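J.: Using the numbering used here, you'd call the opening residue of the sequence shown number 3 and step up by one each time.
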Amino acid sequence: MQKKEYRHLTIGLYLNYFVHGVGLIILAQNMQELGRLWGQPLANVSYVISGIGIGRLLAYLILGNLADKYDRKLFVYFGMFSYFVFFLGVLIVHNLTGVYLLAILAGIANSALDSGTYPVFLEIGTNNGASNILIKSFMSLGEFFLPLVVSFLEIHNLWFGWSFVFASIVLILNVFVLIPVKFPAKNNRVETKLNPFISLSITRHLALGVLLSLYGYVSMATMILYTQWISLYAGKQLNFNNFQAHLLVSLYSIGSIIGVLILFILLRRNITEIRLLMALNIVSMISLIVVNFSSNRMLVYLVSFTFGFSAAGGVMQTGLNLFLKIYPKHKGKVTGIFFTFGSIASFSIPIITGILSKISIEKVLKFELILTLIGVLISLGIKIISEKKV
């Protein structure tokens with residue numbers, strides 16, 4: 003692939019994930035305005051948001067399998083088109099059933115982009131497993147940028163819908179970026195670099211597949227749980243004031259962005275995914291131990307940053323990279339399986355933690371500590387199973 007074509011491809015794929023980052027939070031950021039537009043209470047608007055998770059669950063395995071049979075570019079375009087319909091449809095459709103279907107479509111769009119994009123970065127050329135890690139940073143950029151746009155529109159009394167229109171325009175422009183680009187052939191010459199994994203026995207392949215599928219659940223669960231509960235935990239258990247409690251989430255976010263960049267550099271230098279999984283999961287567990295058993299404010303600030311660095315700085319994508327390398331001929335299917343388990347976490351963790359919070363919020367953070375321990379055990383299992391061949 004020529005440098006110019008490579009540049010256009012990577013810009014186009016990353017722009018999609020900037021839009022995806024916007025799409026993840028755009029309903030939540032505009033709940034009151036959408037409630038008035040649809041004539042619905044906030045509770046119903048929140049109900050609509052849950053449709054995104056359902057769309058992911060419905061689509062990941064199907065689209066992942068299809069992406070291995072057909073041109074991955076088709077799935078990237080399908081994801082872009084689905085998001086485009088979602089952004090504009092939310093402003094046009096006022097029926098609750100209709101907007102819920104649009105939310106499901108947004109989840110399907112997410113699935114289509116993942117099925118078409120993650121495998122491509124391993125099929126472009128050398129070290130492009132590292133490029134998968136940068137996807138997380140562009141998602142974070144979209145999540146950072148949208149609240150600023152929403153605030154700007156509110157302050158200047160402008161129509162809230164411009165944020166949806168903005169995302170749609172970016173997608174339209176991105177179509178023209180990707181149209182002239184030819185995607186790399188599926189399972190091309192890069193696979194020869196993956197022979198150490200290919201030579202593993204069938205039993206070891208299956209064992210690694212099970213462990214990495216479970217890691218898709220655990221890695222997503224730890225991120226969701228921390229961002230949803232750490233501020234409340236800090237306020238009630240650690241006696242932080244409101245600003246101090248919310249600062250923990252900001253420090254976590256900063257840590258995740260820095261983590262992505264450092265992880266990208268390490269992967270470019272051929273540090274193996276297995277070593278990174280072990281190290282990052284151990285750091286995550288140690289960070290959670292401190293949060294659970296220390297009330298020192300500065301120390302909790304520090305480990306909140308560290309936890310963001312280790313648990314949300316691209317470690318989930320690192321696990322997926324490893325999974326893709328172990329099953330190089332089924333990249334779309336593997337992506338679908340991995341993120342299906344992540345989608346299950348998106349549904350189950352709020353339910354589990356809601357039950358635990360009725361006992362005490364402290365139990366919620368203790369449960370997350372257990373999840374990080376499971377993450378360490380999974381990464382250790384992966385190392386033990388693979389060490390004779392890798």
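Beta carbons: idealized from backbone N, C-alpha and C, even for Gly. None of these values were measured; they are calculated from a predicted model.
What whole-angstrom Cβ distance do T274 and G377 have, given they're in contact under 8 Å?
T.: Wrong, their Cβ atoms sit about 17 Å apart, outside the cutoff.
J.: Could you tell me which whole beta strand (DSSP E) segments of length 3 or greater appear in the region 210–260?
T.: none
J.: Does P186 come out as helix, strand or coil in the three-state DSSP assignment?
T.: coil
J.: Using a Cβ-Cβ cutoff of less than 6 Å, which residues in the same chain neighbour H158 once the five nearest sequence positions on both sides are dropped?
T.: Taken in chain order, the list of residues that qualify is empty.
J.: Taking the straight line between their C-alpha atoms, what separation do you get for V392 and F199?
T.: Confidence at V392 is low in this model, with a pLDDT of 45, below 50, so the placement of that residue is unreliable and no value is reported for it.
J.: I'd like to check one pair, N283 with S133: are the Cβ atoms closer than 7 Å?
T.: no
J.: Beta-carbon separation of I357 and I226 under 7 Å?
T.: The answer is no: Cβ separation not under 7 Å.
J.: Between which two residues does the alpha helix (DSSP H) holding G344 run?
T.: K333 to I361
J.: Can you tell me which of the three DSSP states Q4 falls into?
T.: coil
J.: Assuming Y85 contacts V21 under a Cβ cut-off of 8 Å, what Cβ separation, rounded to an integer in Å, is found between them?
T.: 6 Å
J.: Go ahead and label Q34 buried or exposed: buried means 16 or more other beta carbons lie within 10 angstroms of its beta carbon, across all protein chains shown.
T.: It counts as exposed.
J.: Measuring straight from C-alpha to C-alpha, what distance separates W164 and G25?
T.: 14 Å
J.: Report the three-state DSSP secondary structure of V179 (helix, strand or coil).
T.: helix
J.: DSSP state of F162, grouped into three classes?
T.: coil
J.: Taking 7 Å as the cut-off, decide whether the C-beta atoms of S345 and G55 are in contact.
T.: yes
J.: Beta-carbon within less than 6 Å of L326's beta-carbon, same chain only, minus the 5 sequence neighbours each way: which residues are those?
T.: L124, K333 and V336
J.: Report the three-state DSSP secondary structure of A105 (helix, strand or coil).
T.: Three-state DSSP puts A105 in a helix.
J.: Which residues mark the beginning and the end of the alpha helix (DSSP H) in which N97 is found?
T.: Premise fails: N97 is in no alpha helix (DSSP H) and is neither H nor E.
J.: Does the structure place the region 100–113 close enough to the region 313–325 that three or more beta carbon pairs sit under 8 Å?
T.: no
J.: Alpha carbon to alpha carbon, what distance is there between S297 and M82?
T.: 46 Å
J.: Counting along the chain, where does the alpha helix (DSSP H) carrying T274 start and finish?
T.: Looking at the DSSP string, T274 is not in any alpha helix (DSSP H), and its letter there is neither H nor E.
J.: Going straight from the alpha carbon of S233 to that of E364, what length do you get?
T.: Between S233 and E364, the alpha-carbon positions lie close to 12 Å from each other.
J.: Check each candidate in R74, L253, G91 and V305 and name the one with the smallest Cα separation from S286.
T.: V305
J.: Following the continuous alpha helix (DSSP H) through K2, name the residue where it begins and the one where it ends.
T.: This structure gives no information on residue 2, because the portion of the chain shown stretches from 3 to 392.
J.: Tell me the rounded alpha-carbon separation between N190 and F80.
T.: No answer about N190 holds up, because its pLDDT of 46 lies below 50 and its placement is not dependable.
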